[in-house]
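Some notes on the structure that comes next.
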Amino acid sequence: MPVINVKDDQDFKNQLTLAGFKPVIADFTAVWCGPCKMIAPTFEALSNQFLGAVFLKVDVDVCEKACNLYCVSSMPTFIVFQDGSKMDMMQGAQKEGLEALVKKYVNIVSDDTPLDRFLEGNCNLVSGGDEQLIVSLPFHHPVKVHSVLIKGVADRTPKKVKVFINLPKTIDFDNASGLEPTQLLEFDDSATNGEGQILPLKYVKFQNVQNIQFFIENNTGGGDVTELVKLSVFGTPLSSMNMNNSDSTSAVNIVSGQRLSYP
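According to UniProt numbering, the sequence shown is numbered sequentially starting from 1.
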């Protein structure tokens, strides 16, 4: 989502209202501010990576009331809003600090992110900045999971994928590499063909899954962009009453509910 340039104080209020429950990251900046210009490309890149949030650029010389209200005294200042309320604040043009601030408040699995459209098959999921991707899927009810299907695009297809279950919060890129996964999957070029590649999970470890997260570490081509066409998780709800005629020879995509034949 492109950065929104706020027109005036009233427009700023309107943007906070329009955002609803989405996190709002506001960059209080000035045209004459050198550090503001230095951090601007990072802010723009984050807006394209974290599409579940609203990114605003607020000119301090235009929106004086907002600056006074939120005690903006130096530029750049980044303020996070949630449901219209100020949640956090950071001053200075620190790339790592800004990235950490955004990741802290942006839920990767927001109802309004493209993840829903991706899971429905209406768009591809593409990494931003480097080859890594994180996909987090919560379930309404505990499930048993036995396999994962991935389909990618040519040499952008995911290769090494760490699978985590039942973590208390969404992992981020800073700690995902060091965490011990529940299972490590490695896909190959066959994940680009047909419906994709299905890999089995260690069923004994996935008996009571309340959430599952995927850290896609790299891709088959070794490039900087990973592109995911399809991600399906197969298993059964712990309460078999939710499934009619369930048997061991059928697999249900517990993300979409689609039933497929499975050997």
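Built from N, CA and C at the ideal position, the CB exists for glycine as well. Since the structure is predicted, the reported quantities are computational estimates derived from the model, not experimental observations.
Should residue i go down as buried or exposed, given a rule of 16 or more other Cβ atoms within 10 Å for buried?
{"i": "M241", "result": "Caution is warranted here: a pLDDT of 36 is assigned to M241, below 50, making its placement in the model unreliable, and the coordinate value is therefore given only provisionally. Exposed, because fewer than 16 other Cβ atoms sit within 10 Å of the Cβ of M241."}
{"i": "S73", "result": "exposed"}
{"i": "K22", "result": "buried"}
{"i": "K205", "result": "exposed"}
{"i": "C71", "result": "exposed"}
{"i": "D116", "result": "exposed"}
{"i": "L18", "result": "exposed"}
Can you find the residues in the same chain that come closer than 8 Å, C-beta to C-beta, to residue i, ignoring five residues on each side of it along the sequence?
{"i": "V31", "result": "D59 and D61"}
{"i": "P181", "result": "K162, V163, F164 and F215"}
{"i": "K230", "result": "G121, L149, I150, K151, E195 and G196"}
{"i": "L184", "result": "K160, V161, K162 and V163"}
Am I right that residue i and residue j are in contact with their C-beta atoms under 8 Å? What's the rounded C-beta distance?
{"i": "L137", "j": "N211", "result": "7 Å"}
{"i": "V3", "j": "F12", "result": "The pair is not a contact, with the Cβ atoms about 14 Å apart (cut-off 8 Å)."}
{"i": "V153", "j": "N124", "result": "7 Å"}
{"i": "L238", "j": "H141", "result": "7 Å"}
Start and end of the alpha helix (DSSP H) containing residue i?
{"i": "M38", "result": "G34 to Q49"}
What residue range does the beta strand (DSSP E) around residue i cover?
{"i": "D59", "result": "V54 to D59"}
{"i": "F187", "result": "Where F187 is concerned, there is no enclosing beta strand (DSSP E), given that its DSSP letter is neither H nor E."}
{"i": "D27", "result": "P23 to T29"}
{"i": "E195", "result": "E195 -> no beta strand (DSSP E), and no H or E assigned at all."}
Looking only at its own chain, which residues have a Cβ that is under 6 Å from the Cβ of residue i, when we skip the five neighbours before and after it?
{"i": "Q82", "result": "P23"}
{"i": "G221", "result": "D155"}
{"i": "V209", "result": "V143, V145 and I165"}
Excluding the five sequence neighbours on either side, which residues of its own chain have a C-beta within less than 7 Å of the C-beta of residue i, listed in chain order?
{"i": "Y203", "result": "H146"}
Return yes when at least one heavy atom of the ligand NAD lies under 8 Å from the C-beta of residue i, else no.
{"i": "A19", "result": "The ligand NAD is not among the ligands present in this structure, which contains no ligands whatsoever."}
- Determine, using beta-carbon pairs with one atom in the stretch 40-53 and one in the stretch 91-104, whether at least three such pairs fall under 8 Å. yes
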